[in-house]
Amino acid sequence: MDKDIQAYFKMERGLIRKHRGKYAVFYNGKPVAIEKKLDVALEKAKKKTGAREFFVHLLYPLEEQTNAIV
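Just so we're aligned, residue 179 is where the sequence shown starts under the working numbering, counting upward by one.
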């Protein structure tokens, strides 16, 4: 899981710029699916990797995430 988190933070700006509002699913330090719907992203990731556990992040800039919480 640490590999996935590190990979996400290295790629964060580019991912948000290209795929804002979508779910990014990481496995083994790489993005394996990026989709608008979480269930679709997870299904693609499962088919691609055969795994059941992933790191998933909704791609929004931190400022937007913070404003949504308040």
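Glycine included, each C-beta is placed from N, C-alpha and C at the ideal position.
{"Check": "Do you know offhand how far K215's Cα is from K188's?", "Outcome": "23 Å"}
{"Check": "Could you check the C-alpha separation between K225 and A202 for me, to the nearest Å?", "Outcome": "15 Å"}
{"Check": "Measuring CB to CB, does K200 end up less than 8 Å from L237?", "Outcome": "yes"}
{"Check": "Taking a contact to mean a Cβ-Cβ separation below 8 Å, would you say A223 touches F233 in this structure?", "Outcome": "no"}
{"Check": "Using the Cα positions of P239 and A211, report the straight-line distance between them to the nearest angstrom.", "Outcome": "19 Å"}
{"Check": "Output yes or no for whether 8 Å exceeds the beta carbon distance between G207 and A185.", "Outcome": "yes"}
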